[in-house]
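Step one of this worksheet: look at the structure below.
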Amino acid sequence: LQRFLSGLKLGRTSVGHVRRVLHAVFGLAEADDLISRNPVRAVKLAPNRTVQTVPYTAAELRELLGAAEGMACYNAVALAGVLGLRRGETLGLMWSDIRGGKVHVERQPSGPLKTANSRRVLPLPAGLALAPNDTPFVVECRNERNLIGYASDERGTGRGYARAVQKAGLPPKPFHSLRKTCATELERVGCPQGLISAILGHSGGGVTRLYIHNSEEMMREFLNRVCEAVYAAKEEAV
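This is the structure in structure tokens:
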């Protein structure tokens, strides 16, 4: 059973669900004296790995886009960092999905979109220039591993996201950090949380809150505004 659960190509939550179902089934068999002991009690799940995905700052994203120019990952970095698209959504986006100044998020390479809210229409920002290519897809490669790439050319494509990060001289971060960058910057400029959820394709604000990183820079900016307002009011009173 331990090898069976470890071999499942599922996320931790799904594996945990399978374990609970098996525990209930064998528990009934044990209660009916069909087996002497419930074997699932001895099965332990692997410890949960917590990976903190920290977003880029606006300046870092600008550097990353500059380093990615001419690379196959450029459009994917722009779509994820500025529009908040998921990795699969960037790879599934076709040029025909960009029409009337809008981006229609309708597909990803493998399987349906993540949720019903993932199907959305986003206005294309005037300053966002996507690099053209000869394929029907906005992002040249449709293979997620090729998109991410490796920092070393010997191990894979030298045109992937990891190579662009290295070229920009930035600390390595997961591709998903770009999506969190979009959410954090939207919060910083004062975008309502409900609108951030709609842009990211979330079903509720609870998930969106996990994407917003309250950096020291953001805290300082807003605290400075409060301080300015307080002292301006004091001067007016005098």
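Residues 46 to 283 in the numbering used here are what the sequence shown lists, from first letter to last.
Heads up, the beta-carbon is just placed ideally off N, CA and C, and yes, glycines get one too.
All values derive from a computational prediction rather than experimental measurement.
- The segment 109–126 makes contact with the segment 221–231: 3 or more CB pairs, one atom from each, lie closer than 8 Å.
- Inclusion of R187 and L136 in the CB contact set at 7 Å is warranted, their separation being smaller than that value.
- A check of alpha carbon separations from F49 across P84, A76 and L73 identifies P84 as the nearest.
- Across the structure, S59 and E273 are spaced so that their CA atoms are roughly 50 Å apart.
- Sequence-distant partners of G246 (beyond 5 residues in either direction) whose C-beta falls short of 6 Å from its own C-beta, in its chain, are N162, S163 and R165.
- The DSSP-derived three-state label of K89 is coil.
- At least 7 Å separates the beta-carbon of N120 from that of A76.
- Short of 8 Å from the beta carbon of P217, and not among the five residues preceding or following it, lie these beta carbons of its own chain, in chain order: A196, A207, V210 and Q211.
- Secondary structure of K225 (DSSP, three-state): helix.
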